[in-house]
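Protein chains in written order, with the numbering used here: chain A, 27 to 269; chain B, 203 to 340; chain C, 1081 to 1302.
From the three backbone atoms N, C-alpha and C, an ideal C-beta is built for every residue, glycine too.
This report refers to the structure that appears directly beneath it.
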């Protein structure tokens, strides 16, 4: 379709590959040993997930503001990417947590909020799936996207009051990060790699959604054409294919 | 409907309440685990067998493993509580590390059946020691 | 302004009148919740100290999960034609939602009041700080009701609303559940439950704003 060379996929794969290779070369942690290397995948996955949910919020607000379908597509694509990476982050975190903490799961604010995001956006995707009309779907999911996002910090805050066992943020903390500089560099490479991968996935989903809508339009137009202008296609009650 | 007449006071109230909750130091008495000092202080008033969580530093040289039981002392440098933990401790469990155990007083010992290890937030390659860890192990 | 509140009260009254005739919330959902409370000890064991510890948590969990049935039952009462009539009569969406929320909150308080003796009888939880319960229960009920009408407006007239509604409501109700259970625990350990009560009030206010927002944005005759 486009003859121009697409830079994003090879770049994303190259950086991710370098990141994984560096993760194997990087020195093991003094206390946790090689287990700590899960960090190079776990942290970027969580980061992409949060980023994607912020994009969903932006898409939702954008749609409510401009009412243009591309904002809705952005919100939907970002929610899909976010749910995937949240699931990945939770699974990797559990695999990391079992040998290190002795538990698969701990009731820490960050963990609970991440799990909550997973379920909230599964609900978001389910809501999209069961709504057929396109603008109705966009409106409902945009409102839910905004309301859910308002509630997430409240949940996080309420869980923080439980006093936490999870380590405090290592990098996103004022002052000098308490992580070895080689490790930090490897982590940063992995963050960039994952961000590129996430952007690639997001773009693919975004385009696919646009193509799906075109396909729906084309099918609807073809149906009308076949039946002629004087006859309308039969409609099931309660289903609207005309909007 | 004038939403603003209702919405603006409500937003204001939310901001005031949220600020008060976050910065009002209300969370000081929301205890998720007791420190050894608090646990010893509460011991007399507590009913026997009341479960709670106890958190502190595992004292150097206090860890004794006997079969299914691990004995050690949790301390916060002011008070120390002898703990008997039944079960397999997590891999990282060692003297000098922070741990939270769940259980109840039985006599002068704390009988625990669940343990969490609070691992340090520093990631360091072997051989190097960071200042924070030196302080944690006096 | 007063006009609006009168409309809101009328919608709430109508909803409650329908409930009095059908009796679905209190005669069907409440016994269902009580059965759940009866089943839990059979699943986890009938150890008295254990049940004493579980009691309050189970009470609030059942109230939350089964309260969702009360919340969504409310919405299925209103047909599309009724909603259209309300909209044509100039009733703003947010007012109609608030009216329904008031009715749901009243029903949830009644539901909670019915469950409370059951949990006390079966689990024998500590009763320290019970006066706080009298403020926590309405706070939680209002929060759940407001969250419920927002979720309900999102799934209205969808085929999957009875399954999708709970998925949208329950994760967002975590602060209410934590506020309720932790205030009980705080009271049991002799601490003040006031911070948790303030948390519930804050959540209620935020959800009130969410109702205004959703009412404003979804206020379209479809």
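- Take residue 151 of chain A, set aside five residues on each side of it, and the residues of its chain with a beta-carbon closer than 7 Å to its own are 105, 106 and 109, in chain order.
- The residues 83, in chain order, have a CB closer than 7 Å to that of residue 175 of chain A in the same chain once the five nearest residues on each side in sequence are set aside.
- Taking one beta carbon from each stretch, the segment 1143-1153 of chain C and the segment 1241-1257 of chain C have 3 or more pairs nearer than 8 Å; the two touch.
- Across the structure, residue 34 of chain A and residue 116 of chain A are spaced so that their CA atoms are roughly 27 Å apart.
- Distance from the CA atom of residue 229 of chain A to the CA atom of residue 74 of chain A, rounded to whole angstroms, is 14 Å.
- Under the three-state reduction of DSSP output, residue 92 of chain A falls in the helix class.
- For residue 239 of chain B, the uninterrupted alpha helix (DSSP H) run begins and ends at 238-245, by DSSP.
- In this structure, DSSP gives residue 1236 of chain C a state outside helix and strand, which the three-state scheme calls coil.
- Nearest C-alpha to residue 1251 of chain C among A:122, A:142 and A:64: A:142.
- In the three-state scheme derived from DSSP, where H, G and I count as helix and E and B as strand, residue 1207 of chain C is classed as coil.
- Measuring C-alpha to C-alpha distances from residue 208 of chain B to each of C:1294, C:1289 and C:1296 identifies C:1289 as the nearest.
- By the beta-carbon neighbour count (other beta carbons within 10 angstroms, threshold 16), residue 31 of chain A is exposed.
- DSSP places residue 259 of chain B in the strand class (E or B) of the three-state scheme.
- Residue pairing by DSSP places residue 271 of chain B opposite B:268 and B:288 in a beta bridge.
- For residue 1090 of chain C, the enclosing alpha helix (DSSP H) has its first and last residue at 1082-1102.
- Contact between the segment 58-77 of chain A and the segment 205-222 of chain A is present: 3 or more CB-CB pairs across the two stretches fall below 8 Å.
- A distance of 8 Å or more separates the beta carbons of residue 1263 of chain C and residue 1255 of chain C.
- Residue 1211 of chain C and residue 1267 of chain C have their C-alpha atoms some 10 Å from each other.
- Within chain A, no C-beta atom comes nearer than 8 Å to that of residue 244 of chain B; the closest sits roughly 16 Å away.
- Residue burial annotation: residue 295 of chain B is buried, with at least 16 other C-beta atoms found within 10 angstroms of its C-beta.
- The C-beta of residue 1275 of chain C comes closer than 8 Å to at least one C-beta of chain B.
- Assigned with DSSP and collapsed to three states, residue 304 of chain B falls in strand.
- Linking residue 221 of chain B to residue 1156 of chain C through their CA atoms gives a straight-line distance of about 38 Å.
- Looking from the CA of residue 239 of chain A, the closest CA among A:72, A:46 and A:96 belongs to A:96.
- In the structure shown, the three-state DSSP call for residue 98 of chain A is helix.
- Residue contact with chain A for residue 1232 of chain C: absent (no Cβ-Cβ distance below 8 Å to any residue of chain A).
- Identification of chain B residues near residue 132 of chain A by a Cβ-Cβ cut-off of 9 Å yields 318, ordered along the chain.
- Within the same chain, 219 and 223 come within 6 Å of residue 42 of chain A by CB-CB distance, once the 5 residues on both sides are set aside.
- Residue 165 of chain A: member of the alpha helix (DSSP H) spanning 160-186, first to last residue.
- Cβ contact annotation for residue 44 of chain A (same chain, cutoff 8 Å, sequence separation greater than five): 215 and 219, in chain order.
- Less than 8 Å separates the beta-carbon of residue 286 of chain B from that of residue 271 of chain B.
- Contact between the segment 1167-1177 of chain C and the segment 1083-1093 of chain C is present: three or more C-beta pairs spanning the two stretches fall below 8 Å.
- Look at residue 1207 of chain C: its C-beta is not under 8 Å from any C-beta on chain B.
- With respect to the 8 Å criterion, residue 1105 of chain C and residue 1142 of chain C are not classified as neighbours on the basis of their beta carbons.
- For residue 152 of chain A, the C-beta contacts it makes with chain C under 7 Å involve 1244 and 1247, in order along the chain.
- Excluding its 5 nearest sequence neighbours in each direction, residue 1084 of chain C has C-beta neighbours in its own chain below 6 Å: 1175, listed in chain order.
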